[in-house]
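Encoded as structure tokens, the structure appears first; notes follow it.
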Amino acid sequence: MNISINTILISSLMFIMTFLSYFLIAKIPLYIFMLSFILLSLLVNNNIKTTYTKEEFRFYLFILLFVFLIAFQFLFIGKVALLFSIASFLSGLGIVIAIRYGVISVKSVLFIVEVFIIFQALIGFIAIIQAFTGQLYPSHFHIDSHTLSGLWNRPSGVEGMTYNFGKNYIFPTIFTFIALKYKLYKYSTFFTKRKLKILLGYFIFIVIISKTRSTQLALFSLYIGYIIYIYKLYKLKYIIGAFFIFAIIFLFIVTHLDLFLDTSSKTRFILWYAGFQMFLSHPFTGVGIGLFGDYYDNTSINLDWIGDDYDHRVNAPHNIILSLLSGGGLIGTFIFISAFYKLLKYIKNYQFNSIELRIISLSIYYYFIAYFIDFQFHNYWNDNYYWFWIGLALACISLDKKQNIKESKL
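With positions in the sequence shown counted from 1, the corresponding number in the numbering used here is that position plus 1433.
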């Protein structure tokens, strides 16, 4: 099958979104911009379908329940930021659906992923230039964090560059590794075995120089777990050895051997404590999705003891679990985690006949594992890319099922 116009449009908009994310554009306008063009393309080409699998429907239902929880919070709290949070999740759900029905061939899926990998390889030069020149680009944007507290991350300067490069290189690193292992280059449009090896080393290098410690920890943890699983190193001595290796890497990567002096580490301890206190004060429904900053200002906890050298915007507890617990309580946490857990479990257990789709879906599955580890140290738990990859994973399953039906009729 040929690559559709929808696929090219989706790819182009994805790259625009990626590129602009480095320039610190607020995510809701970016989402609406991307989503509107994708939906327009789908409507023009009559590709919108209304049939869902049970697993898809359950995922959509859980996300809508989460949106209803935020609407419930808005009725009782009345903060405008909650409306932004509602819009953000609806936009994310819209992207899942648009990607799911906009990608209509196996070749299209492979094209999107491979072009994304190439694009990330090219834009990685910004990380290299920044690392070796010490330049902070782009400069700070002055945005009122309270007015826009329901939006996604708005990091600036070096914080924005390291965060964006860290998170955006999780998937390329995992994908190139798995593509090599399962010999995807035999089916590839652009890659050979040699090119994939070069790209894998290149992406690892970028993750290292980006100074995003949580991403480094996530990828290393995933690799250690993979080695234990593949070689069945379940004996106690191997597990203890892996633990000590992990502890050493943790000290070097996460703390820089300065656990109690590093301002970033100390800040997180305080924010985690604040998030837990908010959860205890509102254990069932939370204080409101995106309202951590507002409630933090009303607490006695402060960052003054850390020093004036760390200009940090306090808008979340920098931990996905505490973000969910403090913002959505036990109810919100259960709904949100259940949606992704059940869907990813289904994706993992689904038996693909297409090698291309199996490799891509497996990459997405491991990507979310690494992402979850990474987000134990970040607050951006409604990020633009995990919606895209969920949509693409659903497209993989849909295409494989259609392919099986066609083959069974022959």
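No residue lacks a Cβ here, since even glycine has one placed at the ideal position from N, Cα and C.
Quick caveat, the model's predicted, so the values are computed rather than measured.
Check: K1487 C-beta below 7 angstroms from any heavy atom of the ligand MN: As presented, the structure is devoid of all ligands, the ligand MN included, so that no description of it is given.
Spatial neighbours of R1533 in its chain, beta-carbon cut-off 6 angstroms, leaving aside the 5 residues before and after: In the sequence shown, residue 1533 corresponds to position 100, counting from 1. Answer for R1533: G1824, L1827 and A1828, listed in chain order.
Reduced DSSP secondary structure (H/G/I, E/B, other) of S1538: Position 105 of the sequence shown, counted from the start, is the residue given in the question as residue 1538. If DSSP states are grouped into helix, strand and coil, S1538 belongs with coil.
Environment of F1717 [buried if 16+ CB atoms lie within 10 Å]: Reading the sequence shown from its first residue, position 284 is the one you call residue 1717. F1717 comes out exposed.
Start-to-end residues for the alpha helix (DSSP H) that takes in I1496: Within the sequence shown, residue 1496 is the residue found at index 63, counting from 1. Counting along the chain, the alpha helix (DSSP H) containing I1496 begins and ends at K1487 to I1510.
At least three beta-carbon pairs within less than 8 angstroms, the stretch 1798 to 1813 to the stretch 1629 to 1647: yes
G1761 to V1536 span [Cα, whole Å]: Here residue 1761 is taken as the residue at index 328 of the sequence shown, counted from 1. Here residue 1536 is taken as the residue at index 103 of the sequence shown, counted from 1. Looking at the two C-alpha atoms, the distance is approximately 33 angstroms.
Selection from I1660, Y1779 and I1510 that minimises the alpha carbon distance to G1723: Counted from its first residue, the sequence shown places residue 1723 at position 290. Comparing Cα positions, the closest option is I1510.
Three-pair Cβ contact test at 8 angstroms for the stretch 1609 to 1617 versus the stretch 1750 to 1768: no
C-beta atoms of V1542 and L1795 nearer than 8 angstroms: Position 109 of the sequence shown, counting from 1, holds the residue named residue 1542. Position 362 of the sequence shown, counting from 1, holds the residue named residue 1795. In this structure, L1795 does not lie closer than 8 angstroms to V1542 by Cβ.
Cβ pair G1721, L1515 closer than 8 angstroms: The residue given as residue 1721 occupies position 288 in the sequence shown. The residue given as residue 1515 occupies position 82 in the sequence shown. Taking 8 angstroms as the Cβ cut-off, G1721 and L1515 qualify as a contacting pair.
Pairwise C-alpha distance: G1658 and F1676: Within the sequence shown, residue 1676 is the residue found at index 243, counting from 1. Within the sequence shown, residue 1658 is the residue found at index 225, counting from 1. About 11 angstroms.
Nearest-angstrom beta carbon gap, L1632 and A1749 [assumed within contact, 8 angstroms]: One-based indexing of the sequence shown puts residue 1749 at position 316. One-based indexing of the sequence shown puts residue 1632 at position 199. Not confirmed; about 33 angstroms, so no contact.
Start and end residues, alpha helix (DSSP H) containing P1605: Position 172 of the sequence shown holds residue 1605. It spans I1603 to K1614 - the alpha helix (DSSP H) in which P1605 sits, taken as one unbroken run.
Sequence-distant residues of its chain with Cβ nearer than 8 angstroms to Y1662 (five each side left out): Start at 1 with the first residue of the sequence shown, and residue 1662 comes out as number 229. Here the set comprises nothing.
Under 8 angstroms between C-beta atoms of Y1667 and I1788: Counting from one through the sequence shown, the residue named residue 1667 turns up at place 234. Counting from one through the sequence shown, the residue named residue 1788 turns up at place 355. No. Outside cutoff.
Helix, strand or coil at V1640 according to DSSP, with G and I counted as helix: Translated into positions along the sequence shown, residue 1640 becomes position 207. Note: V1640 maps to helix in three-state DSSP.
Distance CB(Y1804)-CB(Y1819) smaller than 8 angstroms: Here residue 1804 refers to the residue found at position 371 when the sequence shown is read from its first residue. Here residue 1819 refers to the residue found at position 386 when the sequence shown is read from its first residue. Yes, these two residues count as a Cβ contact at 8 angstroms.
Counted within 10 angstroms of its Cβ, other Cβ atoms place S1714 as buried (16 or more) or exposed: For the purposes of this step, residue 1714 is taken as the residue at position 281 of the sequence shown. Classification for S1714: exposed.
Straight-line Cα distance separating L1790 from Y1485: For the purposes of this step, residue 1485 is identified with residue 52 of the sequence shown, where counting begins at 1. For the purposes of this step, residue 1790 is identified with residue 357 of the sequence shown, where counting begins at 1. Y1485 and L1790: Cα-Cα distance of roughly 19 angstroms.
As assigned by DSSP and simplified to three states, the class of Y1620: In the sequence shown, the residue the question calls residue 1620 occupies position 187. DSSP places Y1620 in coil when its eight states are reduced to three.
Alpha carbon of F1801 to alpha carbon of V1513, nearest angstrom: Translated into the one-based positions of the sequence shown, residue 1801 becomes position 368. Translated into the one-based positions of the sequence shown, residue 1513 becomes position 80. In a straight line, the C-alpha of F1801 is about 30 angstroms away from that of V1513.
S1787 in three-state terms, based on DSSP: Along the sequence shown, read from residue 1 onward, the residue named residue 1787 stands at position 354. Correct three-state label for S1787: coil.
Burial state of L1508, where buried means 16 or more other Cβ atoms lie within 10 Å: Here residue 1508 corresponds to residue number 75 of the sequence shown, with the count starting at 1. With fewer than 16 other Cβ atoms within 10 Å, it is exposed.
Range covered by the alpha helix (DSSP H) that runs through N1782: Translated into the one-based positions of the sequence shown, residue 1782 becomes position 349. Element bounds for N1782: I1753 to N1782.
Euclidean distance between Cα positions of A1772 and Q1836: As a working note, residue 1772 is residue 339 in the sequence shown. As a working note, residue 1836 is residue 403 in the sequence shown. Their Cα atoms are separated by approximately 26 angstroms.
For Q1809, three-class secondary structure by DSSP: Here the question's residue 1809 lines up with position 376 in the sequence shown. Residue state, collapsed to three classes: coil.
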